[in-house]
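Participant: What follows is a structure written as structure tokens; I'll ask about it next.
Residue numbers (the numbering used here): 1227 to 1591.
In structure tokens form, the structure reads like this:
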């Protein structure tokens, strides 16, 4: 009987000690979990724009639900708080806590930023997610953004995009010369070497730019978004494939001090919510693109055409040239590109006997 009595007394003593400690000195961690946070997020997209714009809204809703409203994020579309192309600086400087956009918009800060959205003939969405989360890509991305006081998170992907809308037919390399086209990132640098004047215009201004002849061609995303923007009203020809954006990853940028101010559980919620919308956006586009394409063709008479093989081959050749030149000038770009390219080589070997082989087999009857 002595052993049970001794155990009971010891338990009561421990409970008593715990109670005295809590009463005398409230747990700071418990206080942190009771604090609420009000954040602002600025985006490069129009407010509530289908797909791209809704990712930020969905993120904010998820964070509020998972945190029991301890962390609330108010989303501002492009131009509502800051212009689309000033999102990076606003988050970096701490004017707002978060931003949602695409890292290749910031190539003026560093050419390496483009590698974390997409590069011509690079990784598709599935491969980008694999490289970022299990191939060392995320560590490199954080290293790149560290001097800018930012923490990046993957937060959306559209899958392989379309090559774009053109107001003239593209039957050869010659047909590209003299075009003025909206195309950002490394794709713009590549195509500019083939006689195209590449410009970067925010998405909300593209329709007017095409309508008024400021530009002759534009890429945006794919049927789901392009139908919503009404590009079929200002251009006749819709070309594929999206050689320049095979798997564009969107980003959440978080101000480093703001992120550090959160308790561990809220930091985890931010990270998990970003992962969720990263996949959710890809699911959304996969589900909606085909229906939108049918409407463009069957209702609006859009002509969907493949880029000629000679054009794709030359774009591929020039891409290698551009990437090699940048890598020779920028050590960090070279290190990230080599990591990404090594991952691509390996995953392509497997995909030849998995994804690609299955696509071919599915067509056999």
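By construction, the Cβ of each residue, glycine as well, lies at the ideal position given by its N, Cα and C atoms.
Only a predicted model underlies this, so the values are computations on that prediction, with no experimental measurement involved.
Have a look at 1294, 1268, 1358 and flag the residue whose alpha-carbon is nearest the alpha-carbon of residue 1563.
Facilitator: As a working note, residue 1563 is residue 337 in the chain shown. Checking every option, the nearest Cα to that of residue 1563 belongs to 1358.
Participant: Report the partner residues of residue 1423 according to the DSSP bridge assignment.
Facilitator: Indexing the chain shown from 1 puts residue 1423 at position 197. Answer is 1406.
Participant: Excluding the 5 residues preceding and the 5 following residue 1280 in the sequence, name in chain order all residues of the same chain whose CB lies nearer than 7 Å to its CB.
Facilitator: Locating residue 1280 in the chain shown gives position 54, where the first residue counts as 1. If we look at residue 1280 and ignore the five residues flanking it on each side, its Cβ neighbours are 1274.
Participant: Inspect the beta-carbon positions of residue 1344 and residue 1475 and report whether they are closer than 8 Å.
Facilitator: Along the chain shown, read from residue 1 onward, the residue named residue 1344 stands at position 118. Along the chain shown, read from residue 1 onward, the residue named residue 1475 stands at position 249. Yes. Within cutoff.
Participant: Restricting to Cα atoms, I'd like to know which of 1482, 1517, 1478, 1513 is closest to residue 1499.
Facilitator: If you number the chain shown from 1, residue 1499 lands on position 273. Ranking the options by Cα distance to residue 1499, first place goes to 1478.
Participant: Please go through the same chain and pick out, in chain order, the residues whose beta-carbon is closer than 7 Å to the beta-carbon of residue 1558, but skip the five residues on each side of it.
Facilitator: Taking the first residue of the chain shown as 1, we reach residue 1558 at position 332. The residues are 1338, 1370.
Participant: In this structure, how does DSSP classify residue 1220 when only helix, strand and coil are distinguished?
Facilitator: This structure does not reach residue 1220, given that the chain is present from 1227 up to 1591, and the question cannot be answered.
Participant: Enumerated in chain order, which unbroken segments of the beta strand (DSSP E) with a length of 3 residues or greater are wholly contained in the stretch 1285-1370?
Facilitator: Entirely contained in the stretch 1285-1370, the beta strand (DSSP E) runs reaching 3 residues are, in chain order, 1297-1302, 1324-1327.
Participant: Kindly indicate which residue of 1540, 1554, 1459, 1534 has the alpha-carbon position closest to the one of residue 1395.
Facilitator: Walking along the chain shown from the start, residue 1395 turns up at place 169. If we check each option's Cα against that of residue 1395, 1534 comes out closest.
Participant: Give every residue of the same chain whose Cβ lies closer than 8 Å to the Cβ of residue 1335, excluding the five residues on either side of it in the sequence, and list them in chain order.
Facilitator: In the chain shown, counting from the first residue as 1, residue 1335 sits at position 109. Taken in chain order, the residues that qualify are 1314, 1374.
Participant: To the nearest angstrom, how far is it from the Cα of residue 1451 to the Cα of residue 1546?
Facilitator: Taking the chain shown and counting its residues from 1, the one referred to as residue 1451 is at position 225. Taking the chain shown and counting its residues from 1, the one referred to as residue 1546 is at position 320. Their backbone Cα atoms lie some 29 Å apart in a straight line.
Participant: Using 8 Å as the cut-off, can you tell me whether the stretch 1439-1447 makes contact with the stretch 1387-1407, which would need three or more C-beta pairs spanning the two stretches below that distance?
Facilitator: Touching, yes, given that three or more Cβ pairs across the two stretches are closer than 8 Å.
Participant: Which residues in the same chain have their Cβ closer than 8 Å to the Cβ of residue 1292, if we skip the five residues on either side of it in sequence?
Facilitator: For the purposes of this step, residue 1292 is identified with residue 66 of the chain shown, where counting begins at 1. Answer for residue 1292: 1495, 1498, 1499, listed in chain order.
Participant: Could you give the residue range of the beta strand (DSSP E) that holds residue 1381?
Facilitator: As a first step, residue 1381 must be located in the chain shown, where it is residue number 155. Note, residue 1381: beta strand (DSSP E), 1376-1383.
Participant: What number of angstroms, rounded off, separates the C-alpha of residue 1579 from the C-alpha of residue 1352?
Facilitator: Position 353 of the chain shown holds residue 1579. Position 126 of the chain shown holds residue 1352. Those two C-alpha atoms are separated by around 16 Å.
Participant: What residue range is occupied by the uninterrupted alpha helix (DSSP H) comprising residue 1507?
Facilitator: Here the question's residue 1507 lines up with position 281 in the chain shown. Where residue 1507 is concerned, the enclosing alpha helix (DSSP H) stretches over 1490-1524.
Participant: Please go through the same chain and pick out, in chain order, the residues whose beta-carbon is closer than 8 Å to the beta-carbon of residue 1483, but skip the five residues on each side of it.
Facilitator: Working through the chain shown from its first residue, we reach residue 1483 at position 257. Contacts found: 1320, 1375.
Participant: Hey, residue 1368 and residue 1492 are a contact pair by Cβ (cut 8 Å); roughly how many whole angstroms apart?
Facilitator: As a first step, residue 1368 is located in the chain shown; it is residue number 142 there, counting from the start. As a first step, residue 1492 is located in the chain shown; it is residue number 266 there, counting from the start. Not quite, the Cβ-Cβ distance comes to about 19 Å (not below 8 Å), so this is no contact.
Participant: Please state the DSSP three-state secondary structure of residue 1390.
Facilitator: Counting from one through the chain shown, the residue named residue 1390 turns up at place 164. It is a strand residue.
Participant: Less than 8 Å between the C-beta atoms of residue 1448 and residue 1516, yes or no?
Facilitator: Here residue 1448 refers to the residue found at position 222 of the chain shown. Here residue 1516 refers to the residue found at position 290 of the chain shown. Not in contact: residue 1448 and residue 1516 (Cβ atoms no closer than 8 Å).
Participant: Closest by CA to residue 1510, which one among 1384, 1431, 1591, 1540?
Facilitator: Against the chain shown, residue 1510 aligns to sequence position 284. Selected option, being the one with the closest Cα: 1384.
Participant: Using DSSP with H/G/I as helix, E/B as strand and the rest coil, what is residue 1274?
Facilitator: Working through the chain shown from its first residue, we reach residue 1274 at position 48. Three-state result, residue 1274: coil.
Participant: Quick check on this structure: which residue in 1460, 1301, 1407, 1379 has the alpha carbon closest to the alpha carbon of residue 1389?
Facilitator: On the chain shown, position 163 is the one that residue 1389 refers to. Ranking 1460, 1301, 1407, 1379 by Cα distance to residue 1389 puts 1407 first.
Participant: From which residue to which residue does the beta strand (DSSP E) around residue 1481 run?
Facilitator: On the chain shown, position 255 is the one that residue 1481 refers to. Its beta strand (DSSP E) spans residues 1475-1481.
Participant: Does the Cβ of residue 1576 have 16 or more other Cβ atoms within 10 Å, making it buried, or fewer, making it exposed?
Facilitator: Against the chain shown, residue 1576 aligns to sequence position 350. With fewer than 16 other Cβ atoms within 10 Å, it is exposed.
Participant: Residues in the same chain with beta-carbon distance under 7 Å from residue 1542, minus the five sequence neighbours each way, listed in chain order, please.
Facilitator: Here residue 1542 corresponds to residue number 316 of the chain shown, with the count starting at 1. Contacts found: 1347.
Participant: Less than 8 Å between the beta carbons of residue 1532 and residue 1350, yes or no?
Facilitator: As a working note, residue 1532 is residue 306 in the chain shown. As a working note, residue 1350 is residue 124 in the chain shown. The answer is no: Cβ separation not under 8 Å.
Participant: Pick helix, strand or coil for residue 1266, following the three-state DSSP scheme.
Facilitator: The sequence position of residue 1266 within the chain shown is 40, counting from 1. Correct three-state label for residue 1266: strand.
Participant: With a threshold of 6 Å on Cβ separation, who are the neighbours of residue 1528 within its own chain once the five nearest residues in sequence on each side are excluded?
Facilitator: Taking the first residue of the chain shown as position 1, residue 1528 is located at position 302. Here the set comprises 1458, 1464, 1522.
Participant: Can you give me the start and stop residues for the beta strand (DSSP E) that residue 1529 sits inside?
Facilitator: Position 303 of the chain shown holds residue 1529. Where residue 1529 is concerned, the enclosing beta strand (DSSP E) stretches over 1529-1532.
Participant: Quick check: residue 1285 and residue 1503, are their CB atoms within less than 8 Å of each other?
Facilitator: Residue 1285 sits at position 59 when you count from the first residue of the chain shown. Residue 1503 sits at position 277 when you count from the first residue of the chain shown. Contact: yes.
Participant: So, at 6 Å on beta carbons, what are the nonlocal neighbours of residue 1362 in its own chain, with the 5 sequence-adjacent residues on each side left out?
Facilitator: As a position in the chain shown, residue 1362 is number 136, starting the count at 1. 1565, listed in sequence order.
Participant: With H, G and I counted as helix, E and B as strand and the rest as coil, what does DSSP make of residue 1545?
Facilitator: Against the chain shown, residue 1545 aligns to sequence position 319. Residue 1545: helix per DSSP, three-state reduction.
Participant: Tell me whether residue 1245 is buried or exposed, calling it buried when 16 or more other Cβ atoms sit within 10 Å of its Cβ.
Facilitator: For the purposes of this step, residue 1245 is identified with residue 19 of the chain shown, where counting begins at 1. Interpretation of residue 1245 is limited by its pLDDT of 41, a score under 50 that renders its predicted location unreliable; no figure is taken from the coordinates.
Participant: Counting only the same chain and skipping the five closest in sequence on each side, list residues whose C-beta sits under 6 Å from that of residue 1332.
Facilitator: Here residue 1332 refers to the residue found at position 106 when the chain shown is read from its first residue. Cβ within range, chain order: 1314, 1339.
Participant: How is residue 1247 classed by DSSP in three states: helix, strand or coil?
Facilitator: Sequence index remark: in the chain shown, residue 1247 carries index 21 (1-based). In this prediction, residue 1247 has a pLDDT of 39, which is less than 50 and means its spatial position is unreliable; what the coordinates show is noted afterwards. DSSP places residue 1247 in helix when its eight states are reduced to three.
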